[in-house]
Structure formats: structure tokens, C-alpha cells
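Comments concern the structure below.
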Amino acid sequence: MPSIASRLARALLLWALVWGAAVGGAVWLAAASEVDELLDEGLVSSASLLAVLVQANPTYVSGPEGFNSKFKDFAWQLVNVDGTLSLRSSLAPAEPWQRTPRAGFTQAGGWRLYGLAVPADDGTVRMLYAAQTRSERAEVRAEVGISAALSAFAVGLLGQIWLRGRVRAELLPLQALSLRLGQLDFDASQPGTSLGLPERRELAPVHAAVDGLMTRLAARIGNEQAFSAHAAHALRTPLAGIDAQLALALREAPPPLAARLQRVRDAAGRLQGVVAALLGLFRAGTGLERVAVDLHALLARLPTASLRVSVEDRPHGSQLQADADLLSAALMNLLDNSQRHGAQHVVVSLSAAQTLRVQDDGPGVTAGRRQQLQAALDGQSYEGQTGLGLMLADRVARAHGGGVRLLPPPEHSTGLTVELTL
2 MPSIASRLAR ALLLWALVWG AAVGGAVWLA AASEVDELLD EGLVSSASLL
52 AVLVQANPTY VSGPEGFNSK FKDFAWQLVN VDGTLSLRSS LAPAEPWQRT
102 PRAGFTQAGG WRLYGLAVPA DDGTVRMLYA AQTRSERAEV RAEVGISAAL
152 SAFAVGLLGQ IWLRGRVRAE LLPLQALSLR LGQLDFDASQ PGTSLGLPER
202 RELAPVHAAV DGLMTRLAAR IGNEQAFSAH AAHALRTPLA GIDAQLALAL
252 REAPPPLAAR LQRVRDAAGR LQGVVAALLG LFRAGTGLER VAVDLHALLA
302 RLPTASLRVS VEDRPHGSQL QADADLLSAA LMNLLDNSQR HGAQHVVVSL
352 SAAQTLRVQD DGPGVTAGRR QQLQAALDGQ SYEGQTGLGL MLADRVARAH
402 GGGVRLLPPP EHSTGLTVEL TL
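Sequence positions in the sequence shown follow my numbering and run 2 to 423.
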């Protein structure tokens with residue numbers, strides 16, 4: 002997935018290259034005419050100087066070769082009125098550049114010429130040509146264009162580096178917003194939670210949308226919590242009454258009827274567990290009411306039907322700080338799981354401070370299945386992976402700031418061991 006910073010960086014680099022090429026081309030076009038003008042002025046000056054030298058001291062040069070020029074790209078010729086060559090520099094061709102005298106600027110082969118009329122002692126007029134190679138002119142124009150392009154590219158790249166740094170700096174508020182969203186702990190019991198003021202004006206709509214979403218979530222969760230509170234009183238009381246009436250009926254019923262009543266009571270107990278689980282799911286993750294909970298007293302209040310449940314006292318004692326209602330719902334459903342999977346005996350203990358261990362003697366699960374269940378609990382991927390009991394236990398543990406671990410059974414034994422860290 003491409004990032005905004007990388008896309009902007011590539012766009013800025015392309016812009017720098019295009020800008021450098023455009024500026025270099027524009028400078029080259031402007032410099033080409035200026036270079037030609039400067040070099041033409043040089044030819045005019047050279048021709049004027051040579052004319053003075055030839056008129057002042059015609060014997061200064063002798064022979065058709067004349068004096069050697071020290072410049073590889075500059076040459077000159079002195080041509081008589083009849084078109085014959087009088088004098089020339091060493092780089093000038095042996096044939097006249099122009100058979101017919103022409104003053105001013107002309108072209109001849111690979112040379113740029115400037116012709117200047119020079120009077121002779123005999124009253125005739127000779128033509129002095131100062132010339133420069135056209136390749137030299139092209140080389141000068143190329144050097145100017147390359148220098149301009151390199152300078153433009155350098156400026157463009159420096160600008161790209163600077164702009165890239167600025168883009169990264171301007172994207173930092175987005176990273177800060179991501180961190181704030183990741184650290185935001187939504188609590189429906191504390192309405193008005195907000196992201197605060199945005200660091201950039203463009204982020205104001207995002208802040209407003211998130212704050213609006215949190216307000217709507219708080220209202221919805223508040224309604225659900227209010228419903229769960231009313232449902233707790235509306236459901237627990239009749240279910241407790243049903244259990245009490247069934248307990249009395251079991252004492253007075255004859256054996257055939259007592260077996261049926263016991264099955265009804267077991268079903269009512271499981272219904273109590275389901276109700277407690279559903280109510281616990283509504284409350285998990287909200288404000289906790291931590292109190293000192295004694296395992297002996299807690300288990301004595303839970304319907305365990307035919308399951309034998311015992312508390313193993315360990316060095317950490319049998320008390321822990323927890324929300325009694327949530328912990329009751331989690332234990333009730335874990336015990337119901339053990340019973341439904343064939344367990345006869347469940348041992349509840351504190352394996353460490355604030356760590357509740359529930360161990361049954363049922364068939365348990367394979368090591369591979371235990372790893373799958375643990376991965377589902379760690380990733381909170383409950384759907385289709387865990388039952389209601391493990392899901393509720395994990396939600397309750399997370400509401401207490403902890404989690405659930407599935408431990409392998411002790412050596413030479415079976416069963417499932419669940420640890421809730423609160």
C-alpha cells in the first residue's frame with residue numbers, strides 16, 4: 002500500500018527533473034543568442050585589431066603563411082581585390098574563404114567570418130577576414146546549456162529534499178492522530194471523551210467525526226447498560242425463586258418425579274448461567290465494582306447441579322479482588338462447560354495472586370486444539386472458535402486488566418485447565 006509521503010516524494014522528484022529540464026532549455030535558448038553576439042563582437046574586435054597591424058607594419062608578416070595563431074579555433078585571411086590570397090594565419094585554409102569580397106558576417110564551410118575592408122598603399126582595397134570555427138560556438142553554447150541545466154537540476158533536487166522534509170513534518174500530525182486513536186480508551190461510563198483540539202485545520206473534520214461517533218456509541222452503550230441493569234433484577238429474582246421452589250419440591254417428591262424435577266432444576270441452573278453470561282457481556286469492559294471475593298462463599302452460591310466442585314487452598318489463600326457479579330458469571334459458565342463435556346470434579350484455586358485457576362477432570366482437548374483456542378482468545382476472535390463460557394471468561398478477565406490462558410493438564414491426567422488473570 003503506497004504511502005502519502007512516498008507518493009508526494011516521487012511527484013516532487015519528477016517535478017524537479019521536469020523543472021530542471023525546462024529551465025535548462027530556456028536558459029540555453031536565451032544564452033545561445035547572447036553567446037553568438039559576444040563571439041561576433043570578438044570577431045569584429047579581432048578584425049579591427051588585425052587591420053591596424055597590417056596597415057601599420059605590412060612587413061610584420063611575410064610569406065603566404067603569415068604568423069602562427071596561438072588559438073586553435075581562430076584564423077584570418079587577407080585577400081586581394083582580385084580574389085588572390087595575400088596573407089593568412091596557420092589555421093586558415095590555403096584558398097580564400099570568399100573569391101568575391103564580402104564585408105560583414107558570412108559563413109564559409111565550418112567557419113563564421115567577418116569581413117573588413119583594409120586600404121592598401123597602392124590605393125586598392127583588400128578584404129581582411131577574421132574567422133572562428135562554428136564547432137567552437139556550438140561547444141560554448143553546449144557548455145552554457147549544460148551548466149544551466151545542472152544548476153537548475155541542483156536547485157530542483159535541493160528543493161525536492163527540502164519539500165520532502167516539509168511534507169514529512171506536515172504528516173506528523175496524522176501519525177500523532179493515529180497514536181491518539183490507538184491509545185484512546187473508550188469508557189461509556191465517562192461520556193464526553195474527546196480527541197481534543199486538532200493540530201491542523203484539515204484534521205478538524207476527522208476529530209469532529211470521531212467525537213460524534215464516540216458520543217453515539219456512549220449513548221447506545223449507556224442504553225444497553227441501563228437495559229442490562231433492569232434485566233438483571235427482572236430475571237435473577239424469578240430464576241432464583243424457581244430454583245428455590247424446585248429445591249423444596251425435590252424434598253417432597255417421590256423418586257420417579259424427583260428425577261424429573263432434578264433435570265428441570267439443572268436446566269434452570271444452566272439458564273441462570275446463560276443469563277449471567279449475557280449480563281456479564283454487557284458489563285465487561287465497563288466500570289468495575291471491585292470487592293474482596295472469597296472463593297468458598299462464591300462457589301456456595303453457584304448452582305453446580307451434579308458437578309462436584311472444591312476449592313484448593315494454596316499459599317495465596319482463597320480471596321481475590323474482583324467484581325463479584327462478573328466473576329460469578331464467568332465461573333458459572335466455565336463450570337457448565339466442564340459438566341457438559343463430561344467432567345465430574347472441578348478444582349478451583351488461586352495459582353498466584355489475582356490468578357484464578359479452574360481445572361476439571363473431563364476429556365480435555367488436544368494440544369493443537371488448545372493452541373487454536375488460545376490464539377482465538379488472544380486475538381479476541383471468538384466467533385466460530387470458542388464457546389460462550391471461554392468467551393465470557395476472557396471478557397471478564399480483560400475487563401479486570403488481565404486475560405485467559407489455557408494450560409496443558411498435569412502429567413498423567415486429563416481435563417482442561419483455565420487460568421484467569423485479574
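For glycine and all other residues, C-beta sits at the position ideal for the given N, C-alpha and C.
- The DSSP-derived three-state label of Gln340 is helix.
- Taking 7 Å as the cut-off, the Cβ atoms of Leu114 and Ala52 do not count as close.
- Straight across, the Cα-Cα distance linking Arg264 with Val349 is about 25 Å.
- In the structure shown, Trp112 falls within a strand segment according to DSSP collapsed to helix, strand and coil.
- Contact check for Asp361 against Gly416 passes: the beta carbons are separated by less than 7 Å.
- In this structure, DSSP gives Gly270 a helical state, which the three-state scheme calls helix.
- For Arg127, the enclosing beta strand (DSSP E) begins and ends at 126-134.
- Under the three-state reduction of DSSP, Ala153 is assigned to helix.
- The three-state reading of DSSP puts Pro316 in coil, since its state is none of H, G, I, E or B.
- Remark: three or more beta-carbon pairs, one from each stretch, lie closer than 8 Å, so the stretch 142-158 and the stretch 24-40 are flagged as touching.
- Using a Cβ distance threshold of 7 Å, Ala76 and Ser90 count as a contacting pair.
- The C-beta distance from Leu407 to Val397 rounds to 15 Å, too long to meet the 8 Å contact threshold.
- Rounded to the nearest whole angstrom, the C-alpha separation of Gly84 and Glu140 is 32 Å.
- Where Gln99 is concerned, there is no enclosing alpha helix (DSSP H), because DSSP gives it neither an H nor an E.
- Taking C-beta atoms as the reference points, Arg291 and Gln320 fail to come closer than 7 Å.
- Contact fails between the stretch 294-314 and the stretch 368-378, because fewer than three Cβ pairs, one in each stretch, are under 8 Å apart.
- Judged by their CB atoms, Leu117 and Ala48 are nearer to each other than the 7 Å cut-off.
- Here Gly111 is near Arg135, since their CB atoms are less than 7 Å apart.
- Within a 10 Å sphere around the beta-carbon of His297 sit fewer than 16 other beta-carbons, which makes this residue exposed.
- Residues of the same chain with a CB within less than 7 Å of the CB of Thr305, apart from the 5 flanking positions on each side, are Leu336 in chain order.
- Cβ-Cβ separation between Leu300 and Gln273: approximately 14 Å, too far for a contact (criterion under 8 Å).
- In the DSSP assignment, Gln78 falls within the unbroken beta strand (DSSP E) covering 75-80.
- If you check the CB distance, Ala22 and Arg142 do not come in under 7 Å.
- A distance below 8 Å between beta-carbons, with the five flanking residues on each side excluded, links Leu262 to the following residues of its chain, in chain order: Leu247, Ala250, Leu251, Ala254.
- Looking at Pro411, Leu332, Gly363, Arg315, the one whose alpha-carbon comes closest to that of Gly390 is Leu332.
- Under the three-state reduction of DSSP, Ala121 is assigned to coil, being neither helix nor strand.
- Per DSSP, the unbroken beta strand (DSSP E) holding Arg89 starts and ends at 86-89.
- With respect to Gly363, Ser339 sits close: the two C-beta atoms are nearer than 7 Å.
- Beta-bridge pairing by DSSP links Thr422 to Thr356, Gly404.
- Apart from sequence neighbours up to five positions away, the residues of its chain that approach Arg165 with a beta-carbon distance below 7 Å are Ala10, Leu13, ordered along the chain.
- Around the beta carbon of His413, fewer than 16 other beta carbons sit within 10 angstroms, so the residue counts as exposed.
- Only buried fits Val405, as 16 or more other CB atoms lie within 10 angstroms of its CB.
- Pairing Leu328 with Val276 gives a Cβ-Cβ distance that is not under 7 Å.
- Judged by DSSP in its simplified three-state form, Gly363 adopts coil rather than helix or strand.
- Excluding the 5 residues flanking it on each side, Val211 has same chain C-beta neighbours closer than 6 Å at Leu196, in chain order.
- Inclusion of Arg127 and Asn81 in the CB contact set at 7 Å is warranted, their separation being smaller than that value.
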